[in-house]
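Trainee: I'd like to ask you about the structure that follows.
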Amino acid sequence: MAIADCLDVLVKLNHELNGELPSAGFDCGPELPRSLVYSISEIIRMIRECRTDDANRAAWRIETAWLAVLAGDIDDILEHVAGEEASRLE
1 MAIADCLDVL VKLNHELNGE LPSAGFDCGP ELPRSLVYSI SEIIRMIREC RTDDANRAAW
61 RIETAWLAVL AGDIDDILEH VAGEEASRLE
């Protein structure tokens, strides 16, 4: 559940930073607070330290969502993560 909650926060953050339809236009948007960038990176690092398949998948999903937020042009973060994960498994 914590992973889903984290992904939901990243979905909201994506729209807050990049607008309701991020792919509609790209501007650099606001600079991100260092504490936010550090917190997301630390969450990913701590999950990866668990060294289990489930933890590795969780870290990958959060990292993929975070990178999509930073890219600034992904409309649906959860769909993007699911698509990227499906292509990894092919």
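For the sequence shown, the residue numbers in the numbering used here are 1 to 90.
For every residue, glycine included, the Cβ atom is placed at its ideal position computed from N, Cα and C.
#1: I'd like the list of long-range same chain contacts for residue 55, defined as Cβ closer than 6 Å, with 5 residues on each side in sequence excluded.
#2: Buried or exposed for residue 2, going by 16 or more other Cβ atoms inside 10 Å?
#3: Less than 8 Å between the CB of residue 50 and some heavy atom of the ligand HEM, yes or no?
#4: Pick helix, strand or coil for residue 97, following the three-state DSSP scheme.
#5: Just verifying my parser: in three-state terms, what is the DSSP assignment at residue 49?
#6: Are the CB atoms of residue 86 and residue 77 within a distance shorter than 9 Å?
#7: Would you mind sorting residue 30 into buried or exposed? The rule is 16 or more other CB atoms within 10 Å of its CB.
#8: I need the boundaries of the alpha helix (DSSP H) containing residue 90, first residue and last residue.
#9: Count the other CB atoms, across all protein chains shown, that sit within 10 Å of the CB of residue 64; report buried if there are 16 or more and exposed otherwise.
Mentor: In this structure, then:
#1: Taking the sequence shown and counting its residues from 1, one reaches residue 55 at position 55. Taking residue 55 as the centre and dropping the five residues before and after it, the same chain places the C-beta of 47 closer than 6 Å to its C-beta, in chain order.
#2: By one-based count along the sequence shown, residue 2 stands at place 2. Residue 2 is exposed by the Cβ-count criterion.
#3: With respect to small molecules bound, the structure shown includes none, and the ligand HEM cannot be examined in it.
#4: Any property of residue 97 remains undetermined from this structure, which presents the chain solely from 1 to 90.
#5: One-based indexing of the sequence shown puts residue 49 at position 49. Here residue 49 sits in coil by DSSP.
#6: Working through the sequence shown from its first residue, we reach residue 77 at position 77. Working through the sequence shown from its first residue, we reach residue 86 at position 86. In this structure, residue 86 does not lie closer than 9 Å to residue 77 by Cβ.
#7: Numbered from its first residue, the sequence shown carries residue 30 at position 30. Burial call: exposed.
#8: As a position in the sequence shown, residue 90 is number 90, starting the count at 1. In the DSSP assignment, residue 90 falls outside any alpha helix (DSSP H), carrying neither H nor E.
#9: To locate residue 64, count along the sequence shown from 1; it is residue 64. That one is buried.
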